[in-house]
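Number of protein chains: 4
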Amino acid sequence: MDPLERLTNVFQKFPGIGPRQAGRFVQFLLRSSPALRRELAEGVRELGSDVHQCPSCLRYHTGKKGACGICADIHRDTSLLAVVASDTDLLALERSHTYQGHYFVLGGLLLLSSERTNGLHIKELLSSLPARIENGLKEIILAFPANPEGDSTAIRVREELTGFGNPSMKVSMLGRGLSTGSELEYADPETIKNALEGRH
Amino acid sequence: MDPLERLTNVFQKFPGIGPRQAGRFVQFLLRSSPALRRELAEGVRELGSDVHQCPSCLRYHTGKKGACGICADIHRDTSLLAVVASDTDLLALERSHTYQGHYFVLGGLLLLSSERTNGLHIKELLSSLPARIENGLKEIILAFPANPEGDSTAIRVREELTGFGNPSMKVSMLGRGLSTGSELEYADPETIKNALEGRH
Amino acid sequence: MDPLERLTNVFQKFPGIGPRQAGRFVQFLLRSSPALRRELAEGVRELGSDVHQCPSCLRYHTGKKGACGICADIHRDTSLLAVVASDTDLLALERSHTYQGHYFVLGGLLLLSSERTNGLHIKELLSSLPARIENGLKEIILAFPANPEGDSTAIRVREELTGFGNPSMKVSMLGRGLSTGSELEYADPETIKNALEGRH
Amino acid sequence: MDPLERLTNVFQKFPGIGPRQAGRFVQFLLRSSPALRRELAEGVRELGSDVHQCPSCLRYHTGKKGACGICADIHRDTSLLAVVASDTDLLALERSHTYQGHYFVLGGLLLLSSERTNGLHIKELLSSLPARIENGLKEIILAFPANPEGDSTAIRVREELTGFGNPSMKVSMLGRGLSTGSELEYADPETIKNALEGRH
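Protein chains in written order, with this note's numbering: chain A, 15 to 214; chain B, 15 to 214; chain C, 15 to 214; chain D, 15 to 214.
Structure representation (structure tokens):
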């Protein structure tokens, strides 16, 4: 396989990128300056060396080795722990400027077609709980997307937490209902049911 | 103006129909059978004669003159009243098979650009309340869409209800949060805020 | 079936209209003024009475009974006859302000799944040709869309014209190639082939 | 700026990639295997070393240094030269399996807002012509997209070729008309004009 094809194949593995756009990426790079190509190659290489995984919440960060900025922040509320699927979802919660608790990044969602949880850091979550409870943890929020994968992950994590056993600790889920901009006419029955049950 | 143009103009007033599709409607009717054209003309004419507005909830129905099927149904829960913007929203709530209370169709939403509430049946709503309260009404659900028009209508109706004064009656709104299928990554901060506050 | 449902069903037959939009049309009419409903019902009724089919080109028009404005225009070029599928396609050709010849509306396209030509006015086209040839007709342009239905209609009409037999009369098709705004990258191989063959 | 942000910025320069997708690329790479990251960094680096520009048509290729496969192919027709904007457009013409001549990659299109032709290899095209004419060149096909940039580039290149002066050499453009799938109803007047003029 020639270098152009090989690089095209790598780009095709990127999320949301098909063969045509992968080819355009390669053409773009061919006509880019050597400086930009070097910056890209360097940047990709650095991900393996200058980026660290926070040992506490498991998200990736580029601070100095050790706990990330959120985990190290003594002003965050240790009574709340939001379990999220990915770093991206963690950032979405941060953007809402509402949540002041801690996070744990599970590293993915349970696939519907499979019972296997490999890749998901459920064990790491469980083994971190005693220290968190000692620190005042009162509620675990399963902050997963409102889709079947999110729901089955929530069911599984909830089971594991039950097995872990701690009656005083609450396990909650994000509220469901009308999202901003929703019109009733186009809302699915499930959403309307949630909106009616969650009325306040 | 010739008949084709005149009819095209009428179709352009239909919701979501531009000049091109209006023209295609006319071409479609030109080549349709006289029977279909007659059915359409008759059907439109009947809207004025065979369709009645329910005096209780103000929605349109085609039963015999008088209260509609829902208002006449003695098994519906008289302690709940959902105020909706339109017949279409009423049907969306019915499709969820969750709600067993009564309805009131306001006939629209408050426009943001205007303080005027004409067209909205707020007076009719208020004047129907004494009889409803006698019948056991305990909660009014403002079931409006989760958009600025829905919100300002809710504020206005709530004000009018306060003026009306009844401390024992609850006024609620539909729950907000993640709607079915929502991913956190694409949810707006307001929706995430609502989902966090509405966690359970 | 109740009147609302019956009218919804009629609107669902309109081109491009599904059940949901058909329902919105009915709701729109319910809340419209009686004047608008009357205008619509009248307009539909008039299609059967005040609109005539031109006996020469078979398009619908609203002038006085008899030949339409284009067929009656003595300044149009009688040496050219464009055969089009529909009134809408005829108007598209007129909008280009390039074509000064006459038209014939075939009334549809040959469906791929069927050999049947009923509904298509091929016989009427053929029987009109002797008079047209006497009037100077030199070229028949098969102005059909560039899709499989258009192509198979062109093949069929061409066969019938051959059977009809007139060696001096040319039968042509619309040029194929890059349409305005086309980028080579997204053009299909067939279009590029046509663009290369039609280079000038 | 931290490494994640810096790499996100590089991906944002990719064609069609906004900040959100750039961020997802970085998250994807963070969770990818070190092998895939290495393959990407290597592949990008190789573009500068293992990929050569053909001295004859100026496209990029990965054969051994020197003329590319098409320019070296003695079975290609030396009487035809297609001038294209980019390697991507060259490949689009190849995919049509119609064209057997040679190519020249101009390296872009003339921007409408500017008279400047820097970056475009017009000089290189002109200086290659004497040898090509000696080899039998009879026709230059300006194979540009059917948009304003393509048109103004064609006008400019044609001017330069005139200055160059060779009465026996034809300069042609790709045919315009209905592209595959076009319906007359949605075609713009310019395309219909071209389709009528290019009828055959």
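Even glycine gets a Cβ: it sits at the ideal position worked out from N, Cα and C.
Bear in mind the structure is a predicted one, so any value in this text is a computation, not a measurement.
*asked:* For a minimum of 4 consecutive residues, which ranges assigned as the alpha helix (DSSP H) are wholly contained in the stretch 48 to 103 of chain D?
replied: For the stretch 48 to 103 of chain D, the continuous alpha helix (DSSP H) assignments of 4+ residues that do not extend past its boundaries occur at 48 to 63, 83 to 86, in sequence order.
A:Ala157: which of A:Gly121, A:Glu138, A:Ala145 sits nearest, CA to CA?
To locate residue 157 of chain A, count along the first sequence from 1; it is residue 143. Checked all of A:Gly121, A:Glu138, A:Ala145; the closest Cα to A:Ala157 is A:Gly121.
With C-beta atoms as the reference, is D:Asn210 less than 7 Å away from C:Thr112? Translated into positions along the fourth sequence, residue 210 of chain D becomes position 196. Translated into positions along the third sequence, residue 112 of chain C becomes position 98. In the sequence as displayed, the identity of residue 210 of chain D is Leu instead of Asn. Result yes, Cβ atoms of D:Leu210 and C:Thr112 sit closer than 7 Å.
Output yes or no for whether 7 Å exceeds the beta carbon distance between B:Pro261 and A:Arg109.
-> Since the first residue shown for chain B is 15 and the last is 214, residue 261 of chain B is missing from the structure and cannot be characterised.
- In angstroms with no decimal places, state the Cα-to-Cα distance between C:Ser63 and C:Ala55. Working through the third sequence from its first residue, we reach residue 63 of chain C at position 49. Working through the third sequence from its first residue, we reach residue 55 of chain C at position 41. Our two residues, C:Ser63 and C:Ala55, have alpha carbons roughly 13 Å apart in a direct line.
Beta-carbon proximity of D:Leu139 to D:Phe118, cut-off 7 Å = For the purposes of this step, residue 139 of chain D is identified with residue 125 of the fourth sequence, where counting begins at 1. For the purposes of this step, residue 118 of chain D is identified with residue 104 of the fourth sequence, where counting begins at 1. Taking 7 Å as the cut-off, the Cβ atoms of D:Leu139 and D:Phe118 count as close.
Check: Is the CB of D:Gln26 under 7 Å away from at least one CB in chain A?
Finding: Taking the fourth sequence and counting its residues from 1, one reaches residue 26 of chain D at position 12. Judged by the 7 Å Cβ criterion, D:Gln26 is not in contact with chain A.
Handout entry: CA-to-CA distance, A:Leu123 to B:His135, given in whole angstroms
Key = By one-based count along the second sequence, residue 135 of chain B stands at place 121. By one-based count along the first sequence, residue 123 of chain A stands at place 109. Cα to Cα, the separation comes out at about 48 Å.
Q) Who pairs with A:Met187 in a beta bridge, going by DSSP? A) If you number the first sequence from 1, residue 187 of chain A lands on position 173. Note: A:Met187 sits in a beta bridge opposite A:Leu156.
Is there a C-beta anywhere in chain C that falls below 7 Å from the one on B:Asp101?
Numbered from 1 along the second sequence, position 87 holds the residue referred to as residue 101 of chain B. At least one C-beta of chain C is nearer than 7 Å to the C-beta of B:Asp101.
Note down, in chain order, each residue of its chain lying with its Cβ closer than 8 Å to the Cβ of D:Leu107, except the 5 sequence neighbours on either side. On the fourth sequence, residue 107 of chain D is found 93 positions in, with the first residue counted as 1. Closer than 8 Å at Cβ, skipping near neighbours: Ala96, Val98, Tyr113, Tyr117, Ala157.
**Request:** Determine the DSSP secondary structure at A:Phe28, reduced to helix, strand or coil.
**Result:** Taking the first residue of the first sequence as position 1, residue 28 of chain A is located at position 14. In the structure shown, A:Phe28 sits in coil (DSSP, three-state: anything other than H, G, I, E or B).
Query - Cutoff 7 Å: B:Glu60 Cβ touching any chain C Cβ - result: Here residue 60 of chain B is taken as the residue at index 46 of the second sequence, counted from 1. Look at B:Glu60: its C-beta is under 7 Å from a C-beta on chain C.
Which residue's Cα is closest to the Cα of A:Gly164: A:Leu188, A:Ser47, A:Thr194? For this step, residue 164 of chain A is matched to residue 150 along the first sequence. Closest option to A:Gly164, Cα to Cα, is A:Leu188.
task: Report back the beta-carbon spacing between A:Ser186 and B:His214 to the nearest angstrom; my notes put them in contact at under 8 Å.
output: Start at 1 with the first residue of the first sequence, and residue 186 of chain A comes out as number 172. Start at 1 with the first residue of the second sequence, and residue 214 of chain B comes out as number 200. Contact between A:Ser186 and B:His214 holds: CB atoms are separated by about 6 Å, below the 8 Å threshold.
Relative to the C-alpha of A:Leu105, which candidate in D:Pro181, D:Tyr74, D:Arg34 has its C-alpha closest? Numbered from 1 along the first sequence, position 91 holds the residue referred to as residue 105 of chain A. Answer by Cα proximity: D:Arg34.
Is A:Thr167 near the ligand ZN, with its Cβ less than 6 Å from a heavy atom?
Annotation note on the ligand ZN: not contained in the displayed structure, which lists no ligands.
key: Bridge-paired residues (DSSP) for A:Tyr117   = Working through the first sequence from its first residue, we reach residue 117 of chain A at position 103. DSSP, once it has assigned bridges, lists A:Ala96 as partnering A:Tyr117.
Legend entry - Nearest-angstrom Cα separation, counted from A:Glu174 out to A:Gly37: Counted from its first residue, the first sequence places residue 37 of chain A at position 23. Counted from its first residue, the first sequence places residue 174 of chain A at position 160. One C-alpha to the other measures close to 45 Å.
### Query
Where does A:Leu140 sit, in a helix, a strand or coil, going by DSSP?
Residue numbering aside, residue 140 of chain A sits at position 126 when the first sequence is read from its first letter. For A:Leu140, the secondary structure class from DSSP, reduced to helix, strand or coil, is helix.
task = Would you give the residue range spanned by the alpha helix (DSSP H) that A:Leu44 belongs to?
result = Here residue 44 of chain A refers to the residue found at position 30 when the first sequence is read from its first residue. A:Leu44 -> alpha helix (DSSP H) spans 33 to 44.
Ends of the alpha helix (DSSP H) at A:Ala209? Taking the first sequence and counting its residues from 1, the one referred to as residue 209 of chain A is at position 195. It spans 203 to 211 - the alpha helix (DSSP H) in which A:Ala209 sits, taken as one unbroken run.
Alpha carbons only, please: which of A:Asn208, A:Gly191, A:Lys207 is nearest the one belonging to B:Thr205? Locating residue 205 of chain B in the second sequence gives position 191, counting from the first residue. Of the candidates A:Asn208, A:Gly191, A:Lys207, the one whose C-alpha sits nearest the C-alpha of B:Thr205 is A:Gly191.
Legend entry - Partners in chain D for A:Ser16, counting only beta-carbon separations shorter than 9 Å: Position 2 of the first sequence, counted from the start, is the residue given in the question as residue 16 of chain A. What sits at residue 16 of chain A in the sequence shown is Asp, not Ser. For a Cβ distance threshold of 9 Å, residue set Asp64, Val65, His75, Thr76, Gly77 of chain D lies close to A:Asp16, ordered along the chain.
_chain D residues whose Cβ lies nearer than 8 Å to that of C:Ala168_ = Position 154 of the third sequence, counted from the first residue, corresponds to residue 168 of chain C. Using a Cβ-Cβ cut-off of 8 Å, C:Ala168 is close to nothing in chain D; its nearest Cβ partner there is about 12 Å away.
Quick one: is B:Thr167 buried, meaning 16 or more other Cβ sit within 10 Å of its Cβ, or exposed?
The residue given as residue 167 of chain B occupies position 153 in the second sequence. Buried, because 16 or more other Cβ atoms sit within 10 Å of the Cβ of B:Thr167.
Which chain A residues are close to B:Ser182, counting only those with a beta carbon under 8 Å from its beta carbon? For the purposes of this step, residue 182 of chain B is taken as the residue at position 168 of the second sequence. Those within 8 Å of B:Ser182 in chain A number zero; the least Cβ separation is about 18 Å.
task: Could you give the DSSP three-state label for A:Leu21: helix, strand or coil?
output: For the purposes of this step, residue 21 of chain A is identified with residue 7 of the first sequence, where counting begins at 1. Annotated three-state conformation of A:Leu21 is helix, per DSSP.
Check your understanding: Can you tell me whether C:Asn208 is buried or exposed, with buried defined as 16 or more other CB within 10 angstroms of its CB?
Key -> Stepping through the third sequence from its first residue, residue 208 of chain C is reached at position 194. Residue burial annotation: C:Asn208 is buried, with at least 16 other C-beta atoms found within 10 angstroms of its C-beta.
query = Would you call the CB atoms of D:Glu53 and A:Val24 closer than 7 Å?
reply = Sequence index remark: in the fourth sequence, residue 53 of chain D carries index 39 (1-based). Sequence index remark: in the first sequence, residue 24 of chain A carries index 10 (1-based). Taking 7 Å as the cut-off, the Cβ atoms of D:Glu53 and A:Val24 count as close.
- Query: Which whole-angstrom value describes the C-beta separation of C:Met183 and C:Ile147, a residue pair presumed to lie in contact below a C-beta threshold of 8 Å?
  - Reply: Translated into the one-based positions of the third sequence, residue 183 of chain C becomes position 169. Translated into the one-based positions of the third sequence, residue 147 of chain C becomes position 133. Beta-carbon to beta-carbon, C:Met183 and C:Ile147 are separated by about 7 Å, close enough to satisfy the 8 Å threshold.
Practice item. Drop a sphere of 10 angstroms on the beta-carbon of A:Pro159, count the other beta-carbons inside from all chains shown, and report buried for 16 or more, exposed for fewer. Key: Walking along the first sequence from the start, residue 159 of chain A turns up at place 145. Here A:Pro159 is buried: its Cβ has 16 or more other Cβ atoms, across all protein chains shown, within 10 Å.
* **Residues in the stretch 189 to 202 of chain C having any Cβ partner in chain D nearer than 9 Å** => So the list reads Gly189, Arg190, Gly191, Leu192, Ser193, Thr194, Gly195, Ser196, Glu197, Leu198, Glu199, Tyr200, Ala201, Asp202, given in the order they occur along the chain.
Q: Using the DSSP secondary-structure output, state which residues sit across from D:Leu192 in a beta bridge.
A: Taking the fourth sequence and counting its residues from 1, one reaches residue 192 of chain D at position 178. Answer is C:Arg190, bridged to D:Leu192.
- Query: Is any beta-carbon of chain D found at less than 7 Å from that of A:Leu139?
  - Reply: By 1-based counting over the first sequence, the position of residue 139 of chain A is 125. False, the Cβ-Cβ gap to chain D never drops below 7 Å.
Original post:
DSSP three-state call for C:Asp16: helix, strand or coil?
Top reply: Position 2 of the third sequence, counted from the start, is the residue given in the question as residue 16 of chain C. Note: C:Asp16 maps to coil in three-state DSSP.
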